[in-house]
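Shown next, in structure tokens, is the structure this report addresses.
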Ligand code: HEC
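Numbering (the numbering used here), first residue to last: 1 to 403.
Right, here's the structure in full:
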């Protein structure tokens with residue numbers, strides 16, 4: 001019963017998380033795109049710098065941009081702040097992390113072959129990791145380094161790559177992947193919550209009062225917004241990447257994740273430049289394509305099962321009758337019409353592996369989840385051996401025959 005309720009709660013929270021994230025990133029992309037369309041026209045309001053005209057639905061919208069609060073500005077409490085989107089994304093994301101990775105720590109967060117720790121210790125490491133990364137990042141942004149945006153960006157990226165490696169030494173493959181995604185999301189939200197919104201409030205209050213704003217504060221504002229902007233595409237990959245076992249459950253997944261951050265940043269750079277200058281750069285797309293090719297190569301190189309299959313010799317005529325007992329012993333306790341594994345209330349993703357027919361239908365899925373990657377069994381809970389993986393691999397290489 002508890003598993004049933006947790007399953008539905010997870011589904012509801014996941015829905016909310018995606019809606020809030022779409023609203024957050026949608027608003028952010030909208031404003032970035034808007035920046036390029038501003039123009040000064042005869043009808044632009046006198047105090048405004050420029051405006052944009054838009055049509056949507058049955059309405060025509062004139063959006064004017066002011067560099068300082070205009071005289072006709074309504075009171076600050078009437079300004080639209082775009083806050084709930086970021087806050088709700090983070091809160092629902094943390095709830096999801098708790099429901100999936102903390103409640104199901106044995107399945108998703110811990111892998112005794114990586115680090116044999118009790119669930120409470122892994123959860124404590126995960127939560128404190130999120131807080132510690134934010135504190136380190138925040139200190140970096142408050143340091144004089146903030147005046148050298150490029151150097152700060154490089155250092156922040158190297159720290160992220162180091163964190164990805166550290167996570168791979170502590171959590172299960174999937175746990176490490178999600179910890180990094182959660183870290184990026186936490187840094188982005190904390191930037192908005194602890195710095196961007198409070199600074200914006202100061203600006204709104206200071207300009208009409210004729211006060212000067214600390215230029216260092218504005219530099220920091222620019223850098224933090226830029227980091228959030230460059231992290232926006234990678235963080236979307238992290239949200240959906242747990243459906244891609246080749247990305248998170250192969251030997252060099254920490255490196256793959258680091259390259260994904262660079263790929264997302266390169267593509268974002270293309271759009272930033274286009275919005276700011278109308279130039280359509282080619283190199284960001286070439287870089288992204290080259291790095292994506294590296295990602296694919298790394299996933300092949302890090303596929304432990306592939307190397308064990310090759311080491312076992314050329315594909316032999318392994319028969320289904322030979323691999324069926326392996327699947328029954330290592331997979332069917334979860335992948336059954338009535339799973340017997342605690343915490344699993346229905347066959348995961350509808351995949352049942354109990355009969356020869358079911359194994360045959362899912363041969364390609366078994367290949368992806370248990371051979372090309374080691375996503376299954378989760379955290380190798382059922383202790384499948386490399387020799388067993390190799391046998392299944394040889395059956396698949398020989399054509400996954402039914403006899
Ligand atoms: C301890 C329970 C458990 C065991 C044992 C297990 N699985 Fe899974 N399996 C899961 C869960 C949970 C999911 C859903 C993962 C998710 O939510 O992304 C899953 C998902 C899958 C999927 C669908 C993946 C997708 O995203 O479409 C396949 C295929 C699969 N497992 C194959 C296997 C194979 C093959 C084995 C044995 C080598 C195995 N599983 C052992 C729990 C298990």
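Glycine included, each C-beta is placed from N, C-alpha and C at the ideal position.
Handout entry: Chain-ordered list of residues that sit, by beta carbon, closer than 5 angstroms to a heavy atom of the ligand HEC
Key = 330, 331, 334, 341, 348, 349, 351, 365, 366, 369, 370, 376, 377, 381 and 382
Practice task
Assign residue 51 to one of three DSSP states: helix, strand, or coil.
Solution key: strand
Handout entry: Limits of the unbroken beta strand (DSSP E) element including residue 59
Key = Counting along the chain, the beta strand (DSSP E) containing residue 59 begins and ends at 59-65.
Problem - Where the alpha helix (DSSP H) containing residue 285 begins and where it ends - result: 283-301
Practice task
Give the DSSP-derived three-state secondary structure of residue 150 in the structure shown.
Solution key: helix
Handout entry: residue 270 - containing alpha helix (DSSP H), residue span
Key = Where residue 270 is concerned, the enclosing alpha helix (DSSP H) stretches over 253-277.
Handout entry: The alpha helix (DSSP H) enclosing residue 367, as first and last residue numbers
Key = That residue, residue 367, is in no alpha helix (DSSP H); it is neither H nor E in DSSP.
Handout entry: Cβ contact (3+ pairs, closer than 8 angstroms) linking the stretch 378-386 and the stretch 327-344
Key = Yes, the stretch 378-386 is in contact with the stretch 327-344.
Exercise for the section: Compare the beta carbon distance of residue 21 and residue 98 with 8 angstroms and say whether it is the shorter of the two. Expected result: In terms of Cβ geometry, residue 21 and residue 98 do not form a close pair [threshold 8 angstroms].
Handout entry: Option in 397, 398 and 378 with minimal Cα separation from residue 113
Key = The candidate whose alpha carbon is nearest that of residue 113 is 378.
Problem - Buried or exposed by the 16-neighbour rule on C-beta atoms within 10 Å, applied to residue 394 - result: buried
Practice task
Determine the DSSP secondary structure at residue 39, reduced to helix, strand or coil.
Solution key: strand
Handout entry: C-alpha gap between residue 23 and residue 85, whole angstroms
Key = When rounded, the distance between both Cα atoms is 6 angstroms.
Handout entry: Among 194, 367 and 77, the one whose alpha carbon lies nearest that of residue 134
Key = With respect to the C-alpha of residue 134, the residue from 194, 367 and 77 having the closest C-alpha is 194.
Practice task
For the alpha helix (DSSP H) containing residue 380, list its first residue and its last residue.
Solution key: Element bounds for residue 380: n/a, residue is neither H nor E.
Handout entry: Cα-Cα separation, residue 44 to residue 38
Key = 10 angstroms
Exercise for the section: Note down, in chain order, each residue of its chain lying with its Cβ closer than 6 angstroms to the Cβ of residue 265, except the 5 sequence neighbours on either side. Expected result: 230
Problem - Own chain, CB closer than 8 angstroms to residue 35, minus 5 neighbours either side, in chain order - result: The residues are 275 and 276.
Practice task
Confirm, please, whether the CB-CB distance from residue 247 to residue 241 is below 8 angstroms.
Solution key: yes
Practice task
Count the other CB atoms, across all protein chains shown, that sit within 10 Å of the CB of residue 253; report buried if there are 16 or more and exposed otherwise.
Solution key: Here residue 253 is buried. Its C-beta has 16 or more other C-beta atoms within 10 Å.
Handout entry: Enclosing alpha helix (DSSP H) for residue 204 [first to last residue]
Key = 197-206
Handout entry: Cβ shell of residue 345 (< 8 angstroms), same chain only, five flanking positions each side left out
Key = 3, 4, 7 and 339
Problem - Boundaries (first-last residue) of the alpha helix (DSSP H) holding residue 432 - result: Within the shown structure, residues of the chain are numbered from 1 to 403, placing residue 432 beyond reach of any answer.
Problem - residue 61 and residue 178 closer than 8 angstroms at C-beta - result: no
Practice task
Using alpha carbons as the reference points, say which of 94, 103 and 132 lies closest to residue 120.
Solution key: It is 103.
Exercise for the section: Use the C-beta contact count for residue 143: other C-beta atoms within 10 angstroms, 16 or more gives buried, fewer gives exposed. Expected result: exposed
Handout entry: Residues near residue 262 by beta carbon distance below 6 angstroms, same chain, minus five either side
Key = 291
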